[in-house]
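Once you know that position 58 of the sequence shown is 62 in our numbering, the rest is easy, because the numbers rise by one and skip nothing. C-beta atoms are modelled at their ideal positions from N, C-alpha and C, and glycine is treated no differently. Quick notes on the structure that follows.
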Amino acid sequence: MPGLFVAMLLFPQTASAAAVHPAPDRMLSLVPRGSEGAEYCSEDRRWCVSLSEAQDAEAPVLPVVRTGDPAPPMPHARSEAYSNETYAVWPRLILLKDGGFLAGVETRTSTAYSGGGGSATELQLFRLALDGQAPKPVLQVPVGASLLIRACFSERDMRYRRGACHDEYSFSASLTLAGETTGSLPALAYSTEARAFPRGVSRTEDSTAKPRLKKSDLVHERDPECSFARRFRFDAAAGAYRPDAPLPECSAYTIP
5 MPGLFVAMLL
15 FPQTASAAAV
25 HPAPDRMLSL
35 VPRGSEGAEY
45 CSEDRRWCVS
55 LSEAQDAEAP
65 VLPVVRTGDP
75 APPMPHARSE
85 AYSNETYAVW
95 PRLILLKDGG
105 FLAGVETRTS
115 TAYSGGGGSA
125 TELQLFRLAL
135 DGQAPKPVLQ
145 VPVGASLLIR
155 ACFSERDMRY
165 RRGACHDEYS
175 FSASLTLAGE
185 TTGSLPALAY
195 STEARAFPRG
205 VSRTEDSTAK
215 PRLKKSDLVH
225 ERDPECSFAR
235 RFRFDAAAGA
245 YRPDAPLPEC
255 SAYTIP
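Printed below as a string of structure tokens:
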């Protein structure tokens, strides 16, 4: 397999390759291998995932799956010169019943503000096939975010805010196997939680114009609209996963 395809699946491809999987549609947890965290492997080191080497500014970042031999080649460090984004291996690997994989890349975007800042992480999940086909993203979802926004600009603000001089927003999500298979790929369960501090803050409103905070407001309040669960099933015609219900608008949490 020339060029890009070589980077995707670095182990011998034989007719019995699918038989090496211990179970169909199984999700493995991955842990960093080495001090730099450039490669993640299963606990038994049978499977390892790293990121593809950058070719140019337009080249996508792709997951690289290989067998975890005792002395693996060191993965190339990917240059961040082309973008202010940073990339990491999704610390999970799904072994598919057809011998392929679902492997992911986490893209983290950071933003700085005067007196605050934020970051957000999006997971892009790729389907990797043993036949050398180009990997294709089948799912993109936010998996984490945190934001700190300055809210005190005077001594009055400090008094009204009871010293809580930043609005805080957090978002976290998990993606797991849902326990069913639709077509060629397993269904996935997506669960999120969004919180804001102090109680009642919103990125669409001016915090300095709100009433004086009470002591009971100094809590991380769960946002019920952006804390939700969905089941994603693979749509073969679209070549992508689709949720069982539309996702709510949560950019206040997921976009820094």
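- A distance below 6 Å between beta-carbons, with the five flanking residues on each side excluded, links residue 229 to the following residues of its chain, in chain order: 252.
- Classified as exposed, residue 48 has fewer than 16 neighbouring CB atoms from the shown chains inside 10 Å of its CB.
- Taking 8 Å as the upper bound for CB-CB distance, residue 189 and residue 100 are in contact here, some 7 Å apart.
- One alpha carbon belongs to residue 219, the other to residue 213, and they sit about 18 Å apart.
- By the 16-neighbour rule on beta-carbons within 10 angstroms, residue 43 is buried.
- When secondary structure is reduced to three states using DSSP, residue 54 falls in the strand class.
- With respect to residue 127, residue 110 sits close: the two C-beta atoms are nearer than 8 Å.
- Around the beta carbon of residue 240, fewer than 16 other beta carbons lie within 10 angstroms, which makes this residue exposed.
- In the three-state scheme derived from DSSP, where H, G and I count as helix and E and B as strand, residue 49 is classed as coil.
- Counting every other CB atom within 10 Å of its CB across the protein chains shown gives residue 64 a total below 16, marking it as exposed.
- The distance from the Cβ of residue 148 to that of residue 125 is about 4 Å, consistent with a contact at the 8 Å cut-off.
- In this structure, 108 is the residue among 233, 108, 88 with its C-alpha nearest to the C-alpha of residue 141.
- Judged by DSSP secondary structure, residue 239 falls within the beta strand (DSSP E) whose first and last residues are 233-239.
- The C-alpha of residue 172 is placed about 5 Å away from the C-alpha of residue 152.
- Going by C-alpha positions, residue 69 is about 26 Å away from residue 235.
- Counting along the chain, the unbroken beta strand (DSSP E) around residue 246 starts and ends at 244-247.
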